[in-house]
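**Student:**
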Amino acid sequence: MLSQLPDEGSSKPIPLWQIAPAIEFVCWVVVGLAPLLYVIIGAPVTSDQAVLQVSIVVLAVLGAILMRVIGFRNSRGWKELLVRLEEEEVT
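Residues in the sequence shown are numbered consecutively from 61, following the numbering used here.
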């Protein structure tokens, strides 16, 4: 039977760039569901509700873009781009 407890030696935290795609997906789901929630719940009644609805969508879009940038900066494509730029600088 497998133990449900984690190993003693694997207590290192997961780096952000490894979970960035999952966080980005969640942000895009929030953005995608916002119009559906607007239809279900209806238009905001007060200005506070409007500010809250708009700020949630804006924060989700910004979070998704930030996670994409973090994922790209830790990808192989980013490292290859930096190497090419350094080679162009030298020549």
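All residues carry an ideal CB built from backbone N, CA and C; glycine is no exception.
These figures come from a predicted structure and were not determined experimentally.
Starting from the C-beta of Ile79, find all residues in its chain whose C-beta is less than 6 Å away, skip the five residues before and the five after it, and write them out in chain order.
**Tutor:** Correct list: empty, nothing qualifies.
**Student:** Return the chain-ordered list of same chain residues with a C-beta closer than 7 Å to the C-beta of Trp88, the five sequence neighbours on each side being excluded.
**Tutor:** Correct list, in chain order: Ala124.
**Student:** Would you give the residue range spanned by the alpha helix (DSSP H) that Pro81 belongs to?
**Tutor:** Start and end: 76-101.
**Student:** Identify whether Val105 lies in helix, strand or coil by the three-state DSSP scheme.
**Tutor:** Note: Val105 maps to coil in three-state DSSP.
**Student:** Please classify Ser71: does DSSP put it in a helix, a strand, or coil?
**Tutor:** Coil.
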